[in-house]
Amino acid sequence: QGGGLPKLQELRLESCELDDDAGAQLAEGLAAAAALLKLHLVRNPGLGAGFAAALAASLQGGGLPKLQELRLESCELDDDAGAQLAEGLAAAAALLKLHLVRNPGLGAGFAAALAASLQGGGLPK
9 QGGGLPKLQE LRLESCELDD DAGAQLAEGL AAAAALLKLH LVRNPGLGAG FAAALAASLQ
69 GGGLPKLQEL RLESCELDDD AGAQLAEGLA AAAALLKLHL VRNPGLGAGF AAALAASLQG
129 GGLPK
């Protein structure tokens, strides 16, 4: 049985005050968004590791197969959330653009996890 909004290609929830629980629920639901090309969750500082883990699980489970652009600017993501996200990005075969600017909590832990995803064949070449 297919999910709702089967043709949805772009979702923008910018400055919506999403918290980690809402973000996790959203990410779980987005697993069924087979046509989604762009996901913009800019300026949602409540998003954290729970959201990132749920999004990673959706991606690793084959969800969001056409996702080309992911924008998470100014979400106050930290290294823990970044590491979770990096694991999922390894499965995002169609991803062309990743925007993570103005997330000062992303540091060495995220960089190492992203490097591991890139070296493991994750993310498009």
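Under the numbering used here, read the sequence shown as residues 9 to 133, first letter to last.
Glycine included, C-beta positions come from ideal geometry on N, C-alpha and C.
### Query
Can you tell me whether L104 is buried or exposed, with buried defined as 16 or more other CB within 10 angstroms of its CB?
exposed
### Message
Considering just the uninterrupted stretch of the alpha helix (DSSP H) at E84, what are its terminal residues?
### Response
First-last for E84: undefined, no H or E at that position.
### Message
L97 and S125 - do their beta-carbons sit closer together than 9 Å?
### Response
yes
### Query
What's the gap between the Cα of Q33 and the Cα of F59?
8 Å
### Task
Can you grab the Cα-Cα spacing for the pair A123 / G12, in whole Å?
35 Å
### Task
Compute the Euclidean distance between the alpha carbons of K15 and L106, then round it to the nearest angstrom.
22 Å
### Task
Counting only runs of 3+ residues fully inside the stretch 36-114, write out the beta strand (DSSP E) ranges in chain order.
46-48, 77-79, 105-107
#### Entry: A121 and G70 closer than 9 Å at C-beta
no
### Query
Of the residues P112, L47, E77, L63, which one's Cα is nearest the Cα of E22?
L47
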